[in-house]
Ligand code: PNS
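Residue numbers (the working numbering): 2 to 163.
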């Protein structure tokens, strides 16, 4: 049987416990999960792409079937290059659905062979987003339990030393 490889793409600025939950669920279905950080020169992220990759690696330590990487350009091209069979996306609420459907159908149009698999995170993370985490941390709020420890420390370094 060939290895079943899933690509879990995203901005991950920064990775949250919601992302980790989805990655762990994906590991139950796929042999290998590649967490792929988009390098998008048009966006101004809080963490640069190398730091985002570092934080993901530190947050997913011990998961030997996970690979962390970054990519530029079209996601379907990256999926093909990695011999992936599916794109994993988390669906938190109905509000995610329209954007996710649009992206999944566009990716299918670009490459018929790539499927998108939607997974629901645990309900405790259904309200969680990287944007919210950054906002809370920027005002000195507690993000314990919302993000992995390495991310919590990195946010403290930025906002408490600002
Ligand atoms: O975490 P995000 O920001 O919701 O992730 C969005 C991401 C990275 C999955 C999406 O922007 C993407 O795949 N970008 C790569 C460019 C691409 O392939 N665009 C066409 C797909 S609609």
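Even for Gly, the Cβ is constructed at its ideal location relative to N, Cα and C.
**Study point:** Own chain residues within Cβ distance below 6 Å of residue 123, not counting five before or after
**Key:** The residue given as residue 123 occupies position 122 in the chain shown. Result list for residue 123: 22, in chain order.
Review point. What three-state label does DSSP hand residue 6 in the structure shown?
Key: Position 5 of the chain shown, counted from the first residue, corresponds to residue 6. Strand, per DSSP.
Point to revise | Contact set, the ligand PNS heavy atom to C-beta under 5 Å | key: 10, 11, 12, 39, 75, 76, 104 and 107
Exercise for review: Give every residue of the same chain whose Cβ lies closer than 8 Å to the Cβ of residue 120, excluding the five residues on either side of it in the sequence, and list them in chain order.
Suggested key: Start at 1 with the first residue of the chain shown, and residue 120 comes out as number 119. Within the same chain, Cβ atoms closer than 8 Å to the Cβ of residue 120 are found at 23, 26, 27, 89, 90, 91 and 92, the five residues on either side in sequence being excluded.
Check your understanding: Are the beta-carbon atoms of residue 15 and residue 144 separated by less than 7 Å?
Key -> The residue given as residue 15 occupies position 14 in the chain shown. The residue given as residue 144 occupies position 143 in the chain shown. Judged by their CB atoms, residue 15 and residue 144 are not nearer to each other than the 7 Å cut-off.
Review point. Among the residues of its own chain, which have a CB less than 7 Å from the CB of residue 5, if the five just before and after it don't count?
Key: Translated into the one-based positions of the chain shown, residue 5 becomes position 4. The answer, listed in chain order, is 31, 32 and 86.
Exercise for review: Out of 114, 97 and 109, state which residue places its alpha-carbon closest to the alpha-carbon of residue 84.
Suggested key: What you label residue 84 is simply residue 83 of the chain shown in a count that begins at 1. Comparing Cα positions, the closest option is 114.
Practice item. Return the CA-CA distance between residue 159 and residue 110, expressed in angstroms with no decimal places. Key: Within the chain shown, numbered from 1, the residue matching residue 159 stands at position 158. Within the chain shown, numbered from 1, the residue matching residue 110 stands at position 109. Roughly 41 Å separates the two Cα atoms.
Exercise for review: Could you work out which residue in 99, 53 and 46 is closest to residue 20 when comparing CA atoms only?
Suggested key: Working through the chain shown from its first residue, we reach residue 20 at position 19. Checking every option, the nearest Cα to that of residue 20 belongs to 53.
**Study point:** the region 32-43 in contact with the region 62-79 per 3-pair CB rule at 8 Å
**Key:** yes
Practice item. Enumerate in chain order the residues of its own chain whose CB-to-CB distance from residue 142 is below 7 Å, with the five nearest sequence positions on each side excluded. Key: Translated into the one-based positions of the chain shown, residue 142 becomes position 141. Close CB contacts of residue 142 within its chain, under the 7 Å cut and outside five residues either way in sequence, are absent.
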